[in-house]
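To start, the structure under review is shown below, and the notes come after it.
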Amino acid sequence: MLEILRMQLRAMLGGKRKWLVVLCLLLPVLLTVAASTSGGLGHLRRSLDRERAMVPLARGELPPTAHRVTWQGEKLSFAGGILVLDEKGLRLYGEPVGKGTTLVVNDGFLVVRNGELWIDPAKAGTVRSWRISYVGQDDVPAFDTYCAIYLFLLYPQAVCLLLALFYGTSVLADELDGKTLTYLFVRPLPRWRFVAGKYLGIVASLALPTAASLGAAWLIAGAPGGATLIGALLAATLAALCAYNALFVLFGFLVPRRAMIVALLYGVVFEFVGSFVPALVNEFTVTYYLRSLVARLLDVEIPREIARVVGGASVPGASLALLLITVVSLALAARLAARREYVVKDAA
Amino acid sequence: MAPLLQARSLTKLYGTVIGLNDVTLELEPGVIGLLGPNGAGKSTFLKLITGQLRPTEGELTVLGERPFGNPRLFARLGLCPEQDAFYDPWSAFDFVTSLARLSGLGAGARAAAERALDRLGAREFMHREIGEYSKGMRQRTKIAQAIAHDPEFLILDEPLTGTDPICRREIMDLVIELGRRGKSILVASHVLHEVQAMTDQFVLVHGGRILASGRVQEIRSLMNQFPHRITIRCDDPRGLARAVLDALPLDGLEIEPARGELVVSTRDPAAFYAGLPDLVQRAGCRVHELLSADDKLDAVFHYLLARH
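The listed protein sequences derive, respectively, from chains R and Y.
Per this note's numbering, the first sequence starts with residue 1, numbered consecutively.
Per this note's numbering, the second sequence starts with residue 1, numbered consecutively.
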């Protein structure tokens, strides 16, 4: 198995696809450099400071437009849920909105704190419509939290998925297309070791450069959140590499010639969209547990109303789920490898 | 002595296409040629023997074991596949060493790889990248990985394809020598005289069926009714044509100067191949490639098929 691992490492270091990896790992760093140098991150920090400076308004003091819409029991949609403001007070998904909920409306900040509506005086006159764009915590989210979300979306969510798409799906296809599988499958080596060796080779060769890229982006962003934040993101990145690659290795053995397109569809439909569908669907996605893991490790309080959407699993629960996804995927891939016929096409 | 290979009603279907049809066969240890035109079922048979495919029906044992996914058997097998495939940025030495490790040689893999490559005359180039190799060098590398772990049963699929006369001779000598040392070797080819130079035992396959098995002399006479076409790619086809014209048994000769090719027809390929190296040397000509399409073999198989 060690030899298969070594061969995989060598194939990855020498293969043409290494430039895709370099691109995948360089782009987020460049994006962060651009955000820092263009003042984007500074602007975010200033916006958050302004939000903190908001003053409370009595109900009757709301701007006329806002007042009319708000106090007549208007229903406002948000991400499939319903926000209702009537004589019973403000409710989201039928649950009363009280302490622990912040609503930011349009460009102007309209905030519910402790059951009262707050607004940024400078923006009060500009509020024209009521499309909810953000539901968060009672306290104004810290700059660090935004950075954590930004880096989470870049690395565990996007980069790891892409890298697994390039390598996890190709474990078998590369050997079939290169017609080298014959050399490996006629050796006194149980096929599960072939699967395990290839998989470990991929994870081992991707883990360090991905962690380095994440570390660089974090440093460029000003090292927000200190060791806790980078630790949580590193854990999620490693977990994402392990889980996505295991899953895509399984796809590689299920449909060797079409694994990449199947994995791409899976990534878009299931991991991006499905991970936000509550009621069990999202609990079958890797993303849901990665989000849970990072949120718990960073001690970010996710409101009860949206925890089932964003990620409500505990650290042990999320870790166990990710481990299960990884192990079960690899076990199924090994079983397929042992039972199915995988043969290179004849030269003739 | 236990049979090398036993097949009983062995059938392999690819969906509705028959790859191998109801084959019953028993082979004793030794050097055996597996002959058949392209598409005859040789590759399917070899893939079944080497455990890459599972029989659809019937039974197959190799060295007393069922082959599919059987690591115990694979420790005793060596396979030189037909496809010209490698991990190209690697050298022959790295390639053979890695595969020898996978064959369970561990710390002895490097020495075994060096020995095998040396035996194939690859010492000079074994540390260069495979991408730079000629066809002959690549064939030598493929055979080296098959013999590095000293298997009991060696399977060579079209081992002489695209090789020059010297390389061809060396590979044939290797097969003969390994056979004398008690190894069992199955050589698959669509060229009768190639196999004939290594063994007189054969299995003849056509249309997914075994047409005949036994001594090669039986079909030699049949083969002689059909001239063999041999294409020689060299730097001086006219010079070589002059040299071979009267010296070797020929039925026809064509020169393709634009492609640097000399195409000859002969009813006595064995004599032609035996005499060619000396004439090449005398003509001072460099041969790049020697190809025998041997398309007339198909006609012989049809003839045998009709007789069955």
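The C-beta atom is built at its ideal place from N, Cα and C for all residues, glycine as well.
Small disclaimer: the values here were computed from a predicted structure and weren't measured.
1. Just list the residues that DSSP pairs residue 157 of chain Y with in beta bridges.
2. Taking only runs that begin and end inside the region 245-299 of chain Y, name each unbroken alpha helix (DSSP H) of 4 or more residues, in chain order.
3. What residue from R/217, R/222, R/178 has the CA that sits closest to residue 31 of chain R's CA?
4. Does any CB atom of chain R fall closer than 8 Å to the CB of residue 93 of chain Y?
5. Taking residue 89 of chain Y as the query, report the chain R residues whose CB atoms sit under 7 Å from its CB, ordered along the chain.
6. I'd like to check one pair, residue 141 of chain Y with residue 96 of chain Y: are the Cβ atoms closer than 8 Å?
7. On a Cα-Cα basis, can you pick out the residue from Y/227, Y/161, Y/262, Y/245 that is closest to residue 235 of chain Y?
8. Between residue 243 of chain R and the rest of its own chain, which residues show a CB-CB distance below 6 Å, the 5 nearest in sequence each way excluded?
9. List the residues of chain R that residue 52 of chain Y touches, going by C-beta distances under 9 Å, in chain order.
10. Residues of chain R with a CB under 8 Å from the CB of residue 101 of chain Y: which are they?
11. Can you name the residues of chain R whose CB is closer than 7 Å to the CB of residue 74 of chain Y?
12. Tell me the rounded alpha-carbon separation between residue 181 of chain R and residue 178 of chain Y.
13. Is it buried or exposed, residue 47 of chain Y, if we count other Cβ atoms within 10 angstroms and call 16 or more buried?
14. When the cut-off is 8 Å and only beta carbons count, does residue 349 of chain R lie next to chain Y?
15. Are the C-beta of residue 201 of chain R and some C-beta of chain A separated by less than 8 Å?
16. May I ask you to report which of helix, strand or coil DSSP gives residue 12 of chain Y?
17. Pull up the distance between the alpha-carbon of residue 23 of chain Y and that of residue 170 of chain Y, whole angstroms please.
18. My output table needs one value for residue 212 of chain Y: the three-state DSSP class, helix, strand or coil.
19. Apart from the five residues on each side of it in sequence, which residues of its chain come closer than 6 Å, Cβ to Cβ, to residue 40 of chain Y?
20. What residue from Y/161, Y/115, Y/131 has the CA that sits closest to residue 150 of chain Y's CA?
21. Can you pull the DSSP bridge partners for residue 7 of chain Y?
22. DSSP on residue 341 of chain R, reduced to helix/strand/coil?
23. Excluding the 5 residues preceding and the 5 following residue 244 of chain Y in the sequence, name in chain order all residues of the same chain whose CB lies nearer than 6 Å to its CB.
24. Quick one: is residue 3 of chain R buried, meaning 16 or more other Cβ sit within 10 Å of its Cβ, or exposed?
25. Does the region 65-74 of chain Y touch the region 48-55 of chain Y, meaning 3 or more C-beta pairs lie closer than 8 Å?
26. Taking residue 11 of chain R as the query, report the chain Y residues whose CB atoms sit under 8 Å from its CB, ordered along the chain.
27. If you reduce the DSSP assignment to three classes, tell me which class residue 201 of chain Y lands in.
28. Would you check if there are 3 or more beta carbon pairs closer than 8 Å linking the region 96-105 of chain Y to the region 153-169 of chain Y?
29. Who are the neighbours of residue 79 of chain Y on chain R, taking C-beta pairs under 9 Å?
30. Is residue 319 of chain R near residue 298 of chain R, with beta carbons less than 8 Å apart?
31. Mapping the DSSP letters down to three states, classify residue 77 of chain Y as helix, strand or coil.
32. Do residue 163 of chain R and residue 281 of chain R come within 8 Å of each other at the CB atom, strictly closer than that value?
33. Given this structure, state the Cα-to-Cα distance separating residue 258 of chain R from residue 5 of chain Y, to the nearest angstrom.
34. Looking at C-beta atoms only, is the number of pairs between the region 29-44 of chain Y and the region 192-202 of chain Y that lie closer than 8 Å three or more?
35. Within the same chain, show all residues whose beta-carbon is closer than 6 Å to that of residue 167 of chain Y, passing over the 5 residues directly before and after it, in chain order.
36. Can you pull the DSSP bridge partners for residue 234 of chain Y?
Here's the rundown:
1. Y/188
2. Segments of the alpha helix (DSSP H) lying fully in the region 245-299 of chain Y: 269-283.
3. R/217
4. no
5. 14
6. yes
7. Y/262
8. 286, 322, 325, 326
9. Chain R residues near residue 52 of chain Y: 181, 182, 185, 186, 341, 342, 343, 344.
10. 3
11. Contact of residue 74 of chain Y with chain R by beta-carbon distance below 7 Å involves 186, 187, 188.
12. 26 Å
13. It counts as buried.
14. No statement about residue 349 of chain R is possible, as the shown extent of chain R runs from 1 to 348 and does not include it.
15. Absent from the structure: chain A. Protein chains present are R and Y.
16. strand
17. 33 Å
18. When secondary structure is reduced to three states using DSSP, residue 212 of chain Y falls in the strand class.
19. 205, 206
20. Y/115
21. Y/25, Y/60
22. coil
23. 279
24. By the beta-carbon neighbour count (other beta carbons within 10 angstroms, threshold 16), residue 3 of chain R is buried.
25. yes
26. 87
27. strand
28. no
29. 182, 183, 186
30. No, the Cβ-Cβ distance between residue 319 of chain R and residue 298 of chain R is not below 8 Å.
31. strand
32. no
33. 37 Å
34. yes
35. 136
36. Y/287
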